[in-house]
Amino acid sequence: MAQADLTIAERIQNHLDKKLTRAERQLAHAILENYPASGLGPLSALARSAEVSGPTVLRMVQKLGLSGYPEFQAALREELSAKAQNPIAKYDTRAEGLPSDHVLNRFTEAVTDNIRHSLAQIEPEAFDAACALIADPSRGVHIVGGRISHTIAEYLYLHMQVIRPGVSHIQSTSNTWPHHLLDALAGDVFVIFDMRRYENNTLKLAEMAHDRGAKIILFTDQWRSPVHALADICLSSRIVVPSAWDSLVTPMLLVETMISAVQDILWQDTRHRMEVLEDMFDQTKLFRKFT
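All the letters of the sequence shown, read from the start, carry residue numbers 1 to 291 under the UniProt record's numbering.
Pasting the structure below:
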């Protein structure tokens, strides 16, 4: 993917621990801590908050492939605008230059590019740590999604409910999730899905779970939900496709991989649970038998 197609956060992640000095890494972490708002103020304010010099800010901006601080801020403002786009605005934006080839080809190409780029950004150690947290039988696991992402949250829940005990699916509406928080213990895991048009209810839930000592695993997009500031592990995916809607293909890939990984960690116990469950299915005649 071309450098110009990357978000500022993605460019920073590409450079962390590789091409940045100690002071520049300190600046990078300061930017990511309150992204993208941290870079929207004056250069002097950013340098002061990161406890680095003005020239350090300029050097790092240039390492990110930008001509200077004004271009850096313009890119951040464009990202901020993209975060807030509703489906109608997204359709109007992409309709201006539609390629002539078939939508199947265009959509598949976009999804494939999203997957490739997202996997390049995710640290295997962070993914493994997320799976280990979810597989820990001493921790309760609570899964929650938003207006659209609740579908992928429920998909994860249905599988985890088979794989291990102590899993709950939380509806994102604020009149239901306080009941789940009531029983949540310090060290429990909250798996939260929050994609752009980030939901206030989801952020409030994350804040309250964090205050109770919960671990938070966040599935989000390339711009990152505000929940990322509270998350122990943040798994970001690119979601833009030629549509008025964003794509959940890449988050779903991560979810299905996570299901497989957690199943492998807990296989002996999971196998027993699956055998008991299959016996229940047979008794209730839920599935049709052909033999």
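Heads up, the beta-carbon is just placed ideally off N, CA and C, and yes, glycines get one too.
(request) Would you identify the three-state DSSP class for V61, choosing helix, strand or coil? (result) helix
(request) Give the DSSP-derived three-state secondary structure of N227 in the structure shown. (result) Note that residue 227 corresponds to Val in the displayed sequence, not to Asn. Here V227 sits in helix by DSSP.
(message) Count Cβ pairs between the stretch 204 to 212 and the stretch 175 to 182 that sit closer than 8 Å; are there 3 or more?
(response) yes
(request) With a threshold of 16 other CB atoms inside 10 Å of the CB of F281, please say whether the residue is buried or exposed. (result) exposed
(message) Which of the three DSSP states is assigned to D279 in this structure?
(response) helix
(message) Quick check on D194: does DSSP put it in helix, strand or coil?
(response) coil
(request) To the nearest angstrom, report how far apart L66 and V167 are at their CA atoms. (result) 46 Å
(request) Taking the CB atoms as reference points, tell me whether T250 and I134 lie closer together than 8 Å. (result) no
(message) Measuring only the C-alpha atoms, how far is I88 from T220?
(response) Unreliable positioning characterises I88 in this predicted model, as indicated by a pLDDT of 49, which lies under 50. The coordinate reading is nonetheless provided below. I88 and T220: Cα-Cα distance of roughly 21 Å.
(request) Tell me where the alpha helix (DSSP H) around K285 begins and ends. (result) Premise fails: K285 is in no alpha helix (DSSP H) and is neither H nor E.
(request) Note the first and the last residue of the continuous beta strand (DSSP E) segment covering residue 318. (result) The requested residue 318 is not part of the displayed model; the chain covers only 1 to 291.
(message) Classify L158: buried if its beta carbon has 16 or more other beta carbons within 10 angstroms, exposed otherwise.
(response) exposed
(request) Whole angstroms is fine: what's the gap from N200's alpha carbon to S38's? (result) 20 Å
(message) Looking at V255: is its Cβ nearer than 8 Å to the Cβ of I152?
(response) yes
(request) Alpha carbon to alpha carbon, how far is T284 from L230? Give it in angstroms, no decimals. (result) 43 Å
(request) Let me know if A132 comes out buried or exposed under the rule of 16 or more other beta-carbons within 10 Å of its beta-carbon. (result) exposed
(request) Under 8 Å by Cβ, that's how I've got F190 and I148 pegged, so tell me the actual separation to the nearest angstrom. (result) No, F190 and I148 are not in contact; Cβ-Cβ is about 19 Å, not under 8 Å.
(request) Would you mind giving the Cβ-Cβ distance between Y35 and R224, rounded to the nearest angstrom? I have them listed as a contact below 8 Å. (result) 6 Å
(request) Return the chain-ordered list of same chain residues with a C-beta closer than 7 Å to the C-beta of A95, the five sequence neighbours on each side being excluded. (result) Because A95 carries a pLDDT of 48, less than 50, the predicted location of this residue cannot be relied on, and the following value inherits that uncertainty. There are no such residues.
(request) Select from D128, I8, A261 the residue whose C-alpha is nearest the C-alpha of E71. (result) I8
(request) Look at the alpha carbon of H15 and the alpha carbon of V52, and state the distance between them as a whole number of angstroms. (result) 18 Å
(message) I need the DSSP call for V167, collapsed to helix, strand or coil.
(response) strand
(request) Since I believe R212 is in contact with L253 (beta carbons under 8 Å), could you give me their beta-carbon distance rounded to a whole number of angstroms? (result) Contact doesn't hold; Cβ gap of about 31 Å is too wide.
(message) Rounded to whole angstroms, what is the Cα-Cα separation between W267 and R273?
(response) 10 Å
(request) Please go through the same chain and pick out, in chain order, the residues whose beta-carbon is closer than 8 Å to the beta-carbon of S172, but skip the five residues on each side of it. (result) V144, G145, G146, R147, H150, E199, N201, T202, L205
(message) Buried or exposed for E278, going by 16 or more other Cβ atoms inside 10 Å?
(response) exposed
(request) Tell me, please, which residues DSSP counts as bridged to V189. (result) V141, K215
(message) Among L46, P42, L40, G41, whose alpha-carbon lies nearest the alpha-carbon of A23?
(response) L46
(request) Indicate the three-state DSSP secondary structure (helix, strand or coil) for A95 in the structure shown. (result) With a pLDDT of only 48 at A95, under the threshold of 50, the placement of this residue in the model should not be trusted; the figure read from the coordinates follows. Note: A95 maps to helix in three-state DSSP.
(message) In the DSSP assignment, the beta strand (DSSP E) including E172 goes from what residue to what residue?
(response) Residue identity check: residue 172 is Ser in the sequence provided, not Glu. Per DSSP, S172 belongs to no beta strand (DSSP E) and is neither H nor E.
(message) In the DSSP assignment, the beta strand (DSSP E) including I233 goes from what residue to what residue?
(response) 233 to 237
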